[in-house]
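A short write-up of the structure that comes next.
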Amino acid sequence: SDVYKRQVSTQSTWDIKMDKPKTEIEKAHEAKEEEDTIFAKIGRKEIPSTVVFEDDLCLAFRDIHPEAPTHIVLIPKKHQGLTKLSKATDEHAALLGHLMVVVAKIAKQEKLDTDGYRLVINEGPNGGQSVYHLHIHILGGRQLSWPPGQYHQINH
């Protein structure tokens, strides 16, 4: 971290630690699997969000750090052990299918169904997963580049 000296008065100097914001990659490598995630709190309406779709099983809201003109996050309200997609079992098939049908509804509602959109599910640290509550990013409203990922060196 960088430390800056700031003159507060003519007689004293204070050291102020300036932390740089963490990148999404750094957040993903530091994230832990936990039951009560920020998405669980959003699903329970303990944390406000801009909701674009909701039913008994899922909730979709606008991402607070959008990567495209339209960037929506779709979550199951109860993650049922689905902290990440690799935890899916046959018992989750109906919920996962429902999420895909809801994506189509949201795409139509947001007028993304004509020109296209991208779905992203981040899986684990190397996949960029920083919240361990299964979620689908719906991105659209502009031409999206391919390939979607870039290589970043991580220093542990």
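The end of the sequence shown is residue 358 by the numbering used here, with every number in the run present.
Ideal Cβ positions, reconstructed from N, Cα and C, are used throughout, including at glycine.
- Of all C-beta pairs linking the region 240-248 to the region 312-321, fewer than three are shorter than 8 Å, placing the two stretches out of contact.
- CA-to-CA, the gap between Val303 and Asn324 works out to about 19 Å.
- Distance check between Val253 and each of Asp265, Ala306 and Leu341 places Asp265 closest, using alpha-carbon atoms only.
- Within the region 231-303, the runs of alpha helix (DSSP H) that reach at least 4 residues and sit entirely inside it are, in chain order, 240-245.
- As the crow flies, the alpha-carbon of Tyr334 is around 12 Å from that of Pro278.
- Membership of Tyr334 in any beta strand (DSSP E) is not indicated, and neither H nor E is assigned to it by DSSP.
- In the structure shown, Ile340 falls within a strand segment according to DSSP collapsed to helix, strand and coil.
- Sequence-distant Cβ neighbours of Gly283 in its own chain, meaning closer than 7 Å and more than five residues away, are Lys289.
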